[in-house]
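So for the sequence shown, my numbering puts the first residue at 115; every next one is plus one.
From the three backbone atoms N, C-alpha and C, an ideal C-beta is built for every residue, glycine too.
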Amino acid sequence: MSEKEQKQNQINIELDEKTAEGIYSNLAIINHSVSEFVVDFISMMPGAPKAKVKSRIVLTPQHAKKFLKALNDNVKRFEAAH
Numbered sequence: 115m116s117e118k119e120q121k122q123n124q125i126n127i128e129l130d131e132k133t134a135e136g137i138y139s140n141l142a143i144i145n146h147s148v149s150e151f152v153v154d155f156i157s158m159m160p161g162a163p164k165a166k167v168k169s170r171i172v173l174t175p176q177h178a179k180k181f182l183k184a185l186n187d188n189v190k191r192f193e194a195a196h
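Okay, structure coming up:
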């Protein structure tokens with residue numbers, strides 16, 4: 115890909131302070147249908163009988179596959195470094 119094509123494909127992503135803080139999750143549940151994948155990120159306290167969904171992400175199958183690859187690549191780099 116040429117430098118010109120790379121510049122055209124760049125996206126300016128904004129991150130506000132609240133979003134930058136992040137949300138803690140120690141459990142994820144994934145469901146899917148024919149047209150989408152739904153990932154619920156949950157915070158669960160030890161010994162508590164109840165948990166709360168903190169964030170829900172809905173992905174197309176195509177984006178779910180890209181996310182899976184990106185996550186797998188990052189886990190491999192993490193494991194190689196630690």
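#1: Do the segment 186-195 and the segment 170-178 meet, that is, are 3 or more Cβ pairs less than 8 Å apart?
#2: Return the CA-CA distance between A184 and A162, expressed in angstroms with no decimal places.
#3: Quick check on this structure: which residue in H146, S147 and S169 has the alpha carbon closest to the alpha carbon of I156?
#4: If you draw a straight line from the C-alpha of A134 to the C-alpha of N126, how long is it?
#5: Taking M159 as the reference, give the member of V152, N140 and V148 with the closest Cα.
#6: D154 to K166, Cα distance in whole Å?
#7: Assuming I144 and F151 make a contact with CB atoms under 8 Å, what is their CB distance in whole Å?
Per the coordinate set shown:
#1: no
#2: 33 Å
#3: S169
#4: 16 Å
#5: N140
#6: 10 Å
#7: 6 Å
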